[in-house]
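*Asks:*
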Amino acid sequence: MFRSERILITGASRGLGRSFARLLGHKELKNSLCLLARDIHLLKEEFGDHELIPVDLTDSVLLEKLARDKLITFSPTVVILNAGGGSFGPFIASTIESSRQTILLNMTANVLLIQILLPHMIRYAHEQHKRSKILVVSSHAAFLRVPNFALYASSKTFLNQFVCTLMMEHRQDPVDFACFCPGAMKSEFQGRSGIPQMLSRAENTDSMALFALKHFRRNAVMIPKMIDRLYQIASVVLPRFLLDSLLIKIQIYYMNKQKRSFTSQI
Ligand SMILES: NC(=O)c1ccc[n+]([C@@H]2O[C@H](COP(=O)([O-])OP(=O)(O)OC[C@H]3O[C@@H](n4cnc5c(N)ncnc54)[C@H](OP(=O)(O)O)[C@@H]3O)[C@@H](O)[C@H]2O)c1
């Protein structure tokens, strides 16, 4: 489905984004990928045959210029908005700077890229009698209120709402939106964000990327794990106080478990 497309991927230097790039970067199709991340060395190690763009996505002014000058010229037919992050801990203890970074990375950068690229993707699809695709990587956290991860979870809720609303606005256009909501994955994300070991077993990013590409379909919210589908249903049908108190109990249990295993190691 994704062969002979021009594919733009954000956050392609590691984790899920790198798994997408590995699956989609065919040797015989040079320059079919346009990969964005801050660490250009990591990108070069694996994807030297493709267009590599070192950029800090939280720099909105630079990102807008880059999108208008370079990304439109690349003219992607598939866009995978994968880069994301956040810091685990009580909101009151976080810094203004870390909150700003989370908002700029998880929300502003994605909105800006869609806003600039979408008209071109629609026009190109019309001209070529094809369909363009936008896959946005969200999270299972989008369905829940997650204490100690308030801004991250809320930013993913925003992404889901935003993308699902665009699906409605563009139902007549030749563009397919999908929102991918994985649960915990084995990547540097967990260490970088400082999240404790949580309820679900962490999946590997290659299998999650494969799932997203295989199940990509128009206007889909893809939730790979059954437990996360249950959370999503629970978030709609359960009274709010029940789900919230359940989540707090689960989080306290896992934080205590992590503390116990840490103290037993010292
Ligand atoms: N891992 C999980 O448990 C999990 C669960 C649910 C959803 N997700 C979502 O899945 C997506 C991918 O996460 P992951 O686990 O693959 O994370 P990861 O291993 O930390 O990789 C994040 C990627 O985003 C890039 N990135 C981060 N900040 C950036 C910035 N300011 N500018 C440009 N690029 C930036 C990183 O590249 P550089 O460092 O080179 O810039 C890296 O390539 C995220 O949207 C995350 O929210 C992850």
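Position 68 of the sequence shown, counted from 1, bears residue number 54 in the working numbering, the numbering being contiguous throughout.
Idealized CB from N, CA, C, for every residue including glycine.
As the structure is a computational prediction, the values presented were derived from the model and not from experiment.
1) So V65 and L(-6) are supposed to be a Cβ contact under 8 Å. How far apart are they, rounded?
2) Between the Cα of C167 and those of L104, S(-10), D214, V41, spot the shortest distance and give me the residue it belongs to.
3) Measure the C-alpha to C-alpha separation of G219 and T94 and round it to an integer number of angstroms.
4) Report whether the distance from the Cβ of G71 to the nearest heavy atom of ligand 1 is below 6 Å.
5) Just tell me which of R0, G(-3), L10, D55 has its CA closest to the CA of R253.
6) Looking only at C-alpha atoms, which of M154, E37, S221, E31 sits nearest to T59?
7) At which residue ranges does the stretch 186 to 232 contain complete beta strand (DSSP E) runs of 3 or more residues, listed in the order of the chain?
8) With DSSP as the reference, label I181 as helix, strand or coil.
9) What are the boundary residues of the alpha helix (DSSP H) that A95 is part of?
10) Just the C-alpha distance for L199 and R226, rounded to the nearest angstrom, thanks.
11) Might you give, ordered along the chain, the residues of its own chain that have their beta carbon closer than 7 Å to the beta carbon of H112, omitting 5 neighbours on each side?
12) Would you kindly report the start and end of the unbroken alpha helix (DSSP H) that includes C167?
13) Under a three-way DSSP split, which group does S118 fall into?
14) Would you list the one or two residues that DSSP bridges to T(-4)?
15) Taking buried to mean at least 16 other C-beta atoms within 10 Å of its own C-beta, is F77 buried or exposed?
16) Consider the C-beta atom of A53 and the heavy atoms of ligand 1; say whether any pair is separated by less than 6 Å.
17) With a CB to CB cut of under 7 Å and the five nearest residues on each side skipped, what residues in its chain are close to R178?
18) Write down the C-beta distance between M171 and M194 rounded to the nearest angstrom, noting that I regard them as a contact closer than 8 Å.
19) May I ask you to check if the CB of D214 is nearer than 6 Å to at least one heavy atom of ligand 1?
20) Buried or exposed: R203, going by 16 or more other Cβ atoms within 10 Å of its Cβ?
21) Just checking my contact of N92 with L2 at CB under 8 Å: how many whole Å lie between their CB atoms?
22) Residues in the same chain with beta-carbon distance under 6 Å from I120, minus the five sequence neighbours each way, listed in chain order, please.
23) Is the CB-CB distance between E174 and R0 below 7 Å?
24) State yes or no: is the C-beta of L29 within less than 7 Å of the C-beta of L21?
*Replies:* In terms of the structure at hand:
1) Residue 65 sits at position 79 when you count from the first residue of the sequence shown. Residue -6 sits at position 8 when you count from the first residue of the sequence shown. That belief holds up - the Cβ atoms of V65 and L(-6) are roughly 5 Å apart, short of 8 Å.
2) Numbered from 1 along the sequence shown, position 181 holds the residue referred to as residue 167. It is D214.
3) As a first step, residue 219 is located in the sequence shown; it is residue number 233 there, counting from the start. As a first step, residue 94 is located in the sequence shown; it is residue number 108 there, counting from the start. Checking the sequence, you will find Ile at residue 219 rather than Gly. Cα to Cα, I219 sits roughly 28 Å from T94.
4) Numbered from 1 along the sequence shown, position 85 holds the residue referred to as residue 71. True, at least one ligand heavy atom lies under 6 Å from that Cβ.
5) The structure shown does not extend to residue 253, since the chain is modelled only from -13 through 252, so no value can be given for it.
6) In the sequence shown, counting from the first residue as 1, residue 59 sits at position 73. Checking every option, the nearest Cα to that of T59 belongs to E37.
7) 206 to 208
8) Residue numbering aside, residue 181 sits at position 195 when the sequence shown is read from its first letter. Residue state, collapsed to three classes: coil.
9) Here the question's residue 95 lines up with position 109 in the sequence shown. Note, A95: alpha helix (DSSP H), 95 to 114.
10) The count along the sequence shown starts at 1 and reaches residue 199 at position 213. The count along the sequence shown starts at 1 and reaches residue 226 at position 240. When rounded, the distance between both Cα atoms is 33 Å.
11) Position 126 of the sequence shown, counted from the start, is the residue given in the question as residue 112. Excluding residues within five positions, the ones whose Cβ falls inside 7 Å are P160.
12) If you number the sequence shown from 1, residue 167 lands on position 181. C167 -> no alpha helix (DSSP H), and no H or E assigned at all.
13) Your numbering for residue 118 matches position 132 in the sequence shown. Residue state, collapsed to three classes: strand.
14) As a first step, residue -4 must be located in the sequence shown, where it is residue number 10. Answer is L22.
15) For the purposes of this step, residue 77 is taken as the residue at position 91 of the sequence shown. Burial call: exposed.
16) Mapped onto the sequence shown, residue 53 falls at position 67. Because no heavy atom of ligand 1 lies under 6 Å away, the Cβ of A53 does not count as near it: no.
17) Numbered from its first residue, the sequence shown carries residue 178 at position 192. Cβ neighbours of R178 beyond the five flanking positions: G71.
18) Mapped onto the sequence shown, residue 171 falls at position 185. Mapped onto the sequence shown, residue 194 falls at position 208. Rounded, the Cβ-Cβ distance is 6 Å, consistent with contact.
19) Translated into positions along the sequence shown, residue 214 becomes position 228. No, ligand 1 has no heavy atom inside 6 Å of this Cβ.
20) For the purposes of this step, residue 203 is identified with residue 217 of the sequence shown, where counting begins at 1. Per the 10 Å Cβ criterion, exposed.
21) Position 106 of the sequence shown holds residue 92. Position 16 of the sequence shown holds residue 2. In fact, because the Cβ distance is near 14 Å, the residues do not count as touching under 8 Å.
22) Start at 1 with the first residue of the sequence shown, and residue 120 comes out as number 134. The residues are V65, F163.
23) The count along the sequence shown starts at 1 and reaches residue 174 at position 188. The count along the sequence shown starts at 1 and reaches residue 0 at position 14. Result yes, Cβ atoms of E174 and R0 sit closer than 7 Å.
24) Position 43 of the sequence shown, counting from 1, holds the residue named residue 29. Position 35 of the sequence shown, counting from 1, holds the residue named residue 21. Contact flag set, yes.
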